[in-house]
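Asks: I'd like to ask some things about the structure below.
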Amino acid sequence: DMFDRPGKPSDHFPAPFANEEAAAASNGGAAPPDLSLLAKAPGVERGFPQFVFDIFTQYDAGGPDYIHSLLTGYDETPPAGMVIPEGTHYNPYFMSGVSLKMPKPLS
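Quick note on this note's numbering: the sequence shown kicks off at 52 and runs consecutively.
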């Protein structure tokens, strides 16, 4: 027999859009990333000396910390002389550049 149970944070979250094209159309032409995959990603690098301490503290929350920094880092102003392309938003924590199309999601 099937049964329903209360949801858990570890449950699969269904995508809010039917496909990537619909997601891009609803978000200014750029499909949003799957933040659940970013949270699991071990590829967030921490420079010296932080990675040395990680061995002893067993720190492995780079993905969730990156998401937090990305979502809360929009209030900073770009350095003087930095050119931010039109239609993008400056975020110093964005790993793939200096700006992204996603506007500030939290206020």
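Where a beta carbon is used, it is the ideal one built from N, C-alpha and C, also for glycine.
Can you give me the start and stop residues for the alpha helix (DSSP H) that E71 sits inside?
Replies: As a first step, residue 71 must be located in the sequence shown, where it is residue number 20. Where E71 is concerned, the enclosing alpha helix (DSSP H) stretches over 71-77.
Asks: How is S150 classed by DSSP in three states: helix, strand or coil?
Replies: As a first step, residue 150 must be located in the sequence shown, where it is residue number 99. Looking at S150 - three-state DSSP - the assignment turns out to be strand.
Asks: Would you kindly work out how many angstroms separate the C-alpha atoms of P100 and D116, rounded to a whole number?
Replies: One-based indexing of the sequence shown puts residue 100 at position 49. One-based indexing of the sequence shown puts residue 116 at position 65. Roughly 17 Å separates the two Cα atoms.
Asks: Going by DSSP, name the residue or residues bridged to H140.
Replies: Along the sequence shown, read from residue 1 onward, the residue named residue 140 stands at position 89. Bridge partners of H140: L151.
Asks: If you drop the 5 nearest sequence neighbours on each side, which residues of the same chain put their C-beta closer than 7 Å to that of Y125?
Replies: As a working mapping, residue 125 is identified with position 74 in the sequence shown. Around Y125: H140, N142, K155.
Asks: Do you know offhand how far A65's Cα is from K59's?
Replies: Indexing the sequence shown from 1 puts residue 65 at position 14. Indexing the sequence shown from 1 puts residue 59 at position 8. Before going on, a small fix: residue 65 reads as Pro here, not Ala. Distance between the alpha carbons of P65 and K59 is about 13 Å.
Asks: Out of G79, K91, P84, point me to the one whose CA is closest to S61's CA.
Replies: Position 10 of the sequence shown, counted from the first residue, corresponds to residue 61. Nearest C-alpha to S61: K91.
Asks: In three-state DSSP terms, what is H63?
Replies: As a first step, residue 63 is located in the sequence shown; it is residue number 12 there, counting from the start. If DSSP states are grouped into helix, strand and coil, H63 belongs with coil.
Asks: Thinking M153 and P83 are a contact (beta carbons under 8 Å), I'd like their distance in whole angstroms, please.
Replies: In the sequence shown, counting from the first residue as 1, residue 153 sits at position 102. In the sequence shown, counting from the first residue as 1, residue 83 sits at position 32. 6 Å between Cβ atoms; contact.
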